[in-house]
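Going by the working numbering, the sequence shown runs without a break in its numbering and finishes at 1031. Everything below concerns the one structure shown next.
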Amino acid sequence: MMRDKFKINPMLSRRTFGQFALGMASSAVVARTAFAETTGIDVASLVTPQGQWEEPYDANLGRSLFGEPSTDYATLAPTTLQATESAIEKYSVIAANGGWPTLPEGTVMRLGERNSNVTLLRHRLKITGDLEGDEGRANSFDSNVEMAVRRFQYRHGLYPNGVIREATLAALNVSAFDRLQQLRVNIVRLRSLSENVPEKYVLVNIPAQEVEAIESSLAYSRHVAIIGKPDRQTPVIIANIHELNFSPYWHVPRSIIERDIIPQVQEDPGYLARYQIRLYNNKLEEIDPDTLDWYTDEPLKYSFRQDPGEDLNAMGAVKINFYNPHAVFLHDTPGKELFDENYRAFSSGCVRVQNVEHLITWLLAGNQREEWDRAKVDSVIASGERIDAPLEKSVPIYLSYVTAWSQPDGNIQFRRDVYERDGVDQLAASY
């Protein structure tokens, strides 16, 4: 599966993006080696294990490597809406002119190759503006083509390694008409969501698998996210974040008890003890799981609760609460290696947030009675102490579903229709 370890600031110019994309790499050994050979920069000096950044991973990394990036607008900013309207005009013209060619199924290409498929690829990338100019041989996969592929991958939420494989090929072969339809569906969503957005809010874009912390239409930070599986979807809702729980207990939902935990216990009687999950009756008395018949409905009579613990508890170090009828929330996770994946629909509906410490520091910044900064957040997490931190002023949160939009600099973004809500079969393809 392709990796998306490095997050690109979405407002980079093409020239800046070209420089930035060459510095992109995953934590995988092969990607690290390729990155070092290309740039001479040691990836290990930039990242920490398991998908975590030393600092906020988007703008700060761009500044440290390649200089100041452009303004980072929110997905729901008015400028985004205007740019998306312009993108519809552009793709209407492309579709009316016959769209673009498709590449043969199974095509794999990279820098240095020469064949007729490269000629098709060049034509395809020129139509969408990813490849500029006519330099180089038509059938040669040269550095200009590689950079154009990186641009294309970036715009489609794919790890920008400049190589054509299954995921990139699937995205390339979505027709111009289908992309136009995708933009038209999403402009309606954007218009609805953009109305009366507050000054400060959190946006979870489900198909983008991303969380934005927004102030005054600008992204304070962006976070890679893990969303619900297609059969356990993250819901589309608007709510208000009211509280943070440090070192939280996990009260296991009945659906997960039925679908996940009971089958695990049937296969492995030591599962509950290993993951520190305890059972309680309605009098809050702990029940010995060995006294139950796990092949009946008897276990469903009890509550399941997992003890706190950053490295074991499913909530990780912190949970972000907002009232909603679906009992979903944002949280940390001990499984940080999953943030490295390009496709991240792994949860049971809740949203796991990379670098959650940065997000919660921002959420707590408005509290006056008790001062919170990053050092205090890190200290509380390190201590493992159970602390509930209410927000003195709640922060709105939008869990939204936007698969296509345009940034104000003209970079038109598309994402996989992971829950098949756009009405176009090809948009739910496996990429």
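Backbone N, C-alpha and C fix where the C-beta goes; we use that ideal spot for every residue, glycine too. Owing to the predicted nature of the structure, the values given are computational and were not obtained by experimental measurement.
The bridge partners DSSP lists for PHE846 are VAL918 and ILE987.
Per DSSP, the continuous beta strand (DSSP E) segment holding ALA945 begins and ends at 945-947. Counting the other CB atoms within 10 Å of its CB gives PRO908 a total of 16 or more, which places it among the buried residues.
Looking only at GLN866, ALA1004, TRP850 and ASP742, the smallest Cα-Cα distance to GLN876 is reached by TRP850. Judged by their CB atoms, VAL951 and VAL811 are nearer to each other than the 8 angstroms cut-off.
The distance from the Cβ of TYR998 to that of GLN833 is about 16 angstroms, inconsistent with a contact at the 8 angstroms cut-off.
Ranked by Cα distance from ARG710, the options ASN840, TYR902, PRO760 and GLU858 are led by PRO760. Partner residues in a beta bridge of TRP894, as assigned by DSSP, do not exist. Counting only the Cα atoms, VAL977 lies some 47 angstroms from SER775.
In the three-state reduction of the DSSP assignment, TRP1005 falls in the strand class.
The shortest CA-to-CA distance from GLU713 to any of ALA771, ALA738, PRO704 and ARG750 is the one to ALA738. Residue pairing for PRO996: DSSP places it in a beta bridge opposite ASN840. Taking C-beta separations shorter than 6 angstroms and ignoring five residues to either side along the sequence, the partners of ASP932 in its chain run GLY916, ALA917, VAL918 and VAL956, following chain order. Between PRO1008 and ALA683, the C-beta gap is smaller than 8 angstroms, which places the two residues in contact.
Taking the CA atoms as reference points, HIS926 sits about 19 angstroms from GLN809. Spanning the alpha carbons of ARG905 and GLU992 requires a straight line of approximately 28 angstroms. Counting along the chain, ILE688 sits inside the alpha helix (DSSP H) bounded by residues 678-696. The Cβ-Cβ distance between LEU938 and ILE826 falls below 8 angstroms. Contact between ILE960 and ILE920 holds: their C-beta atoms lie close to 7 angstroms from each other, under 8 angstroms. Here the region 881-900 does not lie against the region 795-808, with fewer than 3 beta-carbon pairs under 8 angstroms apart. Going by C-alpha positions, GLN753 is about 26 angstroms away from LEU793.
Note on GLY828: 16 or more other CB atoms within 10 angstroms of its CB, so buried under the neighbour-count rule. PRO990 is the residue among PRO990, SER983, VAL953 and HIS958 whose C-alpha sits nearest the C-alpha of GLU970. Nearest C-alpha to ASP911 among HIS756, GLY984 and GLU941: GLY984. Inter-residue distance for LEU872 and ARG765 is about 41 angstroms (C-alpha atoms, whole angstroms). Of the other Cβ atoms in all chains shown, fewer than 16 fall within 10 Å of the Cβ of HIS723; this residue is therefore exposed. Between the alpha carbons of ASP1017 and THR1003 lies a distance of about 6 angstroms. For ALA767, DSSP records no beta bridge to any residue. Our two residues, VAL708 and VAL763, have alpha carbons roughly 8 angstroms apart in a direct line. Approximately 7 angstroms separates the beta-carbon atoms of LEU681 and ARG791; this is inside 8 angstroms, confirming the contact. PRO899 counts as buried, since no fewer than 16 other beta carbons sit within 10 angstroms of its beta carbon. Secondary structure note for ASN786: it is in no beta strand (DSSP E), and the uninterrupted alpha helix (DSSP H) holding it is 776-794. Looking at the DSSP output, HIS926 shares a beta bridge with no other residue. A distance below 8 angstroms separates the beta carbons of ASN845 and ASP988.
Annotation for VAL749: the continuous alpha helix (DSSP H) segment containing it runs 743-755. Here ASN882 is not near ALA767, since their CB atoms are 8 angstroms or more apart.
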